[in-house]
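> In my numbering, the protein residues as written are 50 to 265.
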């Protein structure tokens with residue numbers, strides 16, 4: 050069955066966000082099980098790369114569909130904010146990997162601060178994505194799944210925010226709440242995974258997109 054540019058982009062986003070979410074969920078469970086810190090950090094870093102790749106596809110998709118006044122377009126704004134958020138997660142996970150290899154090479158705050166910023170940007174992006182124009186542009190092909198995607202992404206962002214709050218290091222060297230840190234990450238990743246799977250076009254949706262492309 051032929052895929053249009055739009056369905057290829059949706060499949061790429063579903064794959065990137067889906068794999069990234071699965072890796073973040075795995076990283077959280079590895080942390081709970083106190084697995085090797087370097088291996089856990091590598092898992093998180095790979096997940097962040099997947100998030101950034103998918104977010105880049107979504108940003109490009111939004112840019113392709115809209116006029117030059119993109120700063121007024123909620124779809125483009127949400128995608129741009131999300132993309133920048135993923136870059137902060139890349140910084141966070143790479144620094145965490147460096148810290149796990151050499152504890153003297155980077156401070157813990159240098160890991161935690163981009164985590165907070167990335168989580169905040171994800172929350173803002175998820176909020177902007179609720180705008181009717183953004184939903185129409187993004188989900189017009191995904192019949193009946195727009196609300197599911199928005200809710201799953203919003204909950205994922207909220208749980209990532211809870212994780213960042215729990216990951217704050219206290220003066221005594223312990224985390225504010227290690228449970229919030231790990232389980233917030235895990236539940237957030239589950240939310241993002243659900244949203245990612247809902248992005249995958251069904252057979253009828255692919256045919257609809259192909260018909261519209263042929264007619265247009």
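Where is the CB? At the ideal position from N, CA and C, for every residue including glycine.
Computed from a predicted structure; not experimentally measured.
(1) Using beta-carbon positions only, say whether residue 215 and residue 237 come within less than 8 angstroms of one another.
(2) If you scan the segment 102-179 from start to end, which runs of the alpha helix (DSSP H) of 4 or more residues do you find wholly inside it?
(3) Mark residue 98 as exposed unless 16 or more other C-beta atoms lie within 10 angstroms of its C-beta, in which case mark it buried.
(4) Check each candidate in 194, 124, 88, 255 and name the one with the smallest Cα separation from residue 246.
(5) Between residue 90 and residue 146, how many whole angstroms is the CB-CB distance? I'm expecting something under 8 angstroms.
(6) Using the C-alpha atoms, what's the distance from residue 128 back to residue 58?
(7) Taking only the alpha-carbon atoms, compute the straight-line gap between residue 233 and residue 210 and give it to the nearest angstrom.
(8) Which term fits residue 156, buried or exposed, when burial requires 16 or more other beta carbons within 10 angstroms of its beta carbon?
(9) If you follow the alpha helix (DSSP H) that residue 220 is in, where does it begin and where does it stop?
(10) Rounded to whole angstroms, what is the Cα-Cα separation between residue 50 and residue 256?
(11) Quick check: residue 65 and residue 100, are their CB atoms within less than 8 angstroms of each other?
(12) Within 10 angstroms of the Cβ of residue 82, are there 16 or more other Cβ atoms? Answer buried if so, exposed if not.
(13) Is residue 78 helix, strand or coil when you go by DSSP?
(14) In angstroms with no decimal places, state the Cα-to-Cα distance between residue 177 and residue 123.
(15) Any contact between the segment 129-143 and the segment 158-169? By contact I mean 3 or more CB pairs, one from each, below 8 angstroms.
(16) Suppose you measure from the CA of residue 217 to the CA of residue 260; what does that come to, to the nearest Å?
(17) Using the Cα positions of residue 72 and residue 189, report the straight-line distance between them to the nearest angstrom.
Well, looking at it:
(1) no
(2) 123-150, 157-177
(3) buried
(4) 194
(5) 4 angstroms
(6) About 13 angstroms.
(7) 8 angstroms
(8) exposed
(9) Careful: residue 220 lies outside any alpha helix (DSSP H) and carries neither H nor E.
(10) Any reading at residue 50 must be qualified, since the residue scores a pLDDT of 43, below 50, and its modelled position is unreliable; the value itself is stated next. Their backbone Cα atoms lie some 8 angstroms apart in a straight line.
(11) Yes, the Cβ-Cβ distance between residue 65 and residue 100 is below 8 angstroms.
(12) Only exposed fits residue 82, as fewer than 16 other CB atoms lie within 10 angstroms of its CB.
(13) helix
(14) 6 angstroms
(15) yes
(16) Roughly 51 angstroms between the two C-alpha positions.
(17) 29 angstroms
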